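Below is one structure; the comments refer to it alone.
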Amino acid sequence: MSVDWDPWFASYIAMEVVIAVLSVLGNVLVVWAVILNRSLRDTTFCFIFSLALADIAVGSLAIPLAITISIGLQTTFYSCLVGTCTMLVLTQSSILALLAIAIDRYLRVKIPMSYRWVVTPRRARTAVGLCWLVSFMVGLTPLLGWNKLQHANGTVGSGPEAQMTCTFENIISMDYMVYFNFLGWVLPPLLLMLLIYIEIFYIIHKHLNKKVTASQAGPRRRQDYGKELKLVKSLALVLFLFTVSWLPVHILNCITLFCPKCVEHKKGIRIAILLSHGNSAVNPVVYSFHINKFHTAFRKIWQQYILCRDPVGKLPQKSGQSGWNHAMDQVRYSVVQFSNGGTAIVLQSWLRENTLLWPPKKITIAKALQQRKEPDNTWITYSNVRQLITCQTYEEARRGEHKYNSTMCPTPLKSNLRRKKKNVKKEKESKIHCI
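Per the UniProt record's numbering, the sequence shown starts with residue 1, numbered consecutively.
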């Protein structure tokens, strides 16, 4: 086995190694975020979880196999065939995961009222299992005979146990790659996903452009569609990057089949391979910058488990006052009055497992009341902020009676507050487990 280690080939190997490391680290972060964060456990993120597992396998298995194949490893026919089929399985699983995500988003905007009854977590897990089952069936088809074993026997002359140079074109039939893999299981799902996302954007824009009534349900519904549009754009970007990354490889396969003499330069083939492998490292970046839930989860993992910092958020400083440590439950609004007598504001926050995201949005009490789902009972939840305990009912807020006195809180709520403060103290005293 002799390999010409010219600067270009060495650069190709180095880039493959970098992509492999980034793919594994980035997608392990995605899996970690889904496991830690309950808000990332709905059906869509279940499919993203499956896609991340496939990308981890690409970085840990497929890319090392591709490097091994590129250096011309001498091995038996079936050993080389198993390695190449592994790459085909992982590619197909990514395509089907993207298709499942597109179908899930379509059902969410098409049947929003009955979506949760149609798309259950159990059915989502079943769909993930079917995607992987089909991926194995498609990717392992060459093991059933659709390969170049006869060509290898004619070349080597000693049967499948003879040593041969393991290269993709010596093992996999281009008929299989073009007619069965590309035209049968890659191109149709991509076209179907394109049509699905076009329909999704049409439905969302149609609802956003409708003239809503003055009822409370109208603005809330528009806000839901606005959030859905943002998420769909992010997932459509993932699909676009996947298509751009993988189409060059399949186009080169088509050219190789119909015009074998047209593709002789290995640099173009290796660039296409780098593009296809690089897609596995790009997805976590898209999630981080375009999906707020992932961005929040990544920050929590970085601060709590890698930097070993306390994940509890801090209030911003006001008039020389030190930051306040918050330990709040799953609350949405809280009336706060600063100790210097400043004007109270309503904080709208998204809390995930005692982590408060800053900076919060400042909105008026009237707007908070409009968005509040429960029109009765105590709508302001309390926190153990130093020098401050607030409690305010819906009726008092509606009448504009902004009183900030802990005695206003009903007894059960105050006892609940004391219990929370004890739990927070225990959490601070406990040891933080981190890397």
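Backbone N, C-alpha and C fix where the C-beta goes; we use that ideal spot for every residue, glycine too.
Treat the numbers as computed from the prediction; the structure is a model and nothing was measured.
- Judged by their CB atoms, TYR197 and LEU247 are not nearer to each other than the 8 Å cut-off.
- Taken atom to atom, the span from the alpha-carbon of ALA127 to that of ASP224 is near 26 Å.
- Within its own chain, the residues whose Cβ lies closer than 8 Å to the Cβ of LYS148, once the five positions on either side in sequence are excluded, are ASN170, ILE171, ILE172, SER173, listed in chain order.
- Of all alpha-carbon atoms in CYS80, LEU144, LEU195, the one lying nearest the alpha-carbon of PRO64 is that of CYS80.
- MET164 is bridged by DSSP to THR75.
- Here the stretch 88-105 lies against the stretch 48-67, with 3 or more beta-carbon pairs under 8 Å apart.
- The bridge partners DSSP lists for ILE271 come to none.
- Of the other Cβ atoms in all chains shown, 16 or more fall within 10 Å of the Cβ of THR43; this residue is therefore buried.
- In terms of Cβ geometry, CYS254 and VAL178 form a close pair [threshold 8 Å].
- In the structure shown, ILE172 falls within a strand segment according to DSSP collapsed to helix, strand and coil.
- The alpha-carbon of ILE67 is positioned some 20 Å away from that of GLY26.
- Taking 3 residues as the minimum length, the stretch 74-103 contains no beta strand (DSSP E) run wholly inside it.
- For MET137, the uninterrupted alpha helix (DSSP H) run begins and ends at 121-139, by DSSP.
- In the three-state scheme derived from DSSP, where H, G and I count as helix and E and B as strand, ASN147 is classed as strand.
- CYS85 counts as buried, since no fewer than 16 other beta carbons sit within 10 angstroms of its beta carbon.
- Within the same chain, no residue comes within 6 Å of LYS261 by CB-CB distance, once the 5 residues on both sides are set aside.
- Its Cα nearest to that of HIS205, the residue GLY226 stands out among GLY226, LEU191, MET193, LEU194.
- TRP302 and PHE294 have their alpha carbons spaced roughly 12 Å apart.
- Apart from the 5 residues on each side of it in sequence, ALA20 sits with its Cβ closer than 6 Å to the Cβ of GLY59, ILE63 in its chain, given in chain order.
- Using a Cβ distance threshold of 8 Å, VAL282 and SER234 do not count as a contacting pair.
- Note on geometry: alpha-carbon atoms of VAL89 and SER50 lie some 13 Å from one another.
- VAL31 and ILE306 have their C-alpha atoms some 16 Å from each other.
- Secondary structure note for TYR305: it is in no alpha helix (DSSP H), with a DSSP letter that is neither H nor E.
- In terms of CA proximity to LEU29, LYS300 leads the group LYS300, CYS308, LEU208.
- The residue among CYS308, MET15, ASN292, GLN304 with its C-alpha nearest the C-alpha of SER39 is ASN292.
- In this structure, THR167 sits near GLY72, with a CB-CB distance shorter than 8 Å.
- Around the beta carbon of ALA272, 16 or more other beta carbons lie within 10 angstroms, which makes this residue buried.
- Annotation for ALA33: LEU40, PHE294, ALA297, PHE298, ILE301 place their beta carbon closer than 7 Å to its own, counting only its chain and skipping 5 residues before and after.
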